[in-house]
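Asks: Let me give you the structure first, and then I'll get to my questions.
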Amino acid sequence: MNVGSDVLDKHYDKRSEKQNNDDDSDQSDVEILDHEFYDEGFQSSVRGTAVNNADRELSYVEATATFLDADGTQIGEGPDNVNDLAAGREWEFDCMYTSQDASRIEEYEVEVSLGF
Numbered sequence: 001m002n003v004g005s006d007v008l009d010k011h012y013d014k015r016s017e018k019q020n021n022d023d024d025s026d027q028s029d030v031e032i033l034d035h036e037f038y039d040e041g042f043q044s045s046v047r048g049t050a051v052n053n054a055d056r057e058l059s060y061v062e063a064t065a066t067f068l069d070a071d072g073t074q075i076g077e078g079p080d081n082v083n084d085l086a087a088g089r090e091w092e093f094d095c096m097y098t099s100q101d102a103s104r105i106e107e108y109e110v111e112v113s114l115g116f
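Residue numbering for the sequence shown follows the UniProt record's numbering, starting at 1 and increasing by one per position.
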């Protein structure tokens, strides 16, 4: 978010959709459908929706937003997770920025991963 601006330069790295697990299973088991940054004064987060594209229940799925300043320096990270996401089911995630000065956020990246 630029100081004095209501618009956040949203950066999304599609390479981040890859699973973080050790097997060679299909990399599209979980897909991010949409995401957006919001700042409600007392809370800043990335809210979005992901879907389980696998033909099986996924025991653990995590979404992580990485918050960057104007220089590309990581200034925060916010996770959210869900257990037992059924096949075909969508999940709404909300990755909170926990630092106090959200005006420093210039862009963010969001990714999903499986397992612990």
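Glycine included, every Cβ here is placed at the ideal spot set by N, Cα and C.
Using the three-state DSSP reduction, which class does residue 54 fall into: helix, strand or coil?
Replies: coil
Asks: Would you kindly work out how many angstroms separate the C-alpha atoms of residue 70 and residue 105, rounded to a whole number?
Replies: 7 Å
Asks: Within a Cβ cutoff of 6 Å, which residues of the same chain sit near residue 34, ignoring the five residues on either side of it in sequence?
Replies: 48 and 49
Asks: Assuming residue 91 contacts residue 61 (C-beta within less than 8 Å), just tell me the rounded distance between them.
Replies: The Cβ separation is near 7 Å, so the contact holds.
Asks: In this structure, what does DSSP give as the bridge partners for residue 44?
Replies: 39 and 97
Asks: With distances taken from CA atoms, which of 51, 98 and 28 is nearest residue 66?
Replies: 98
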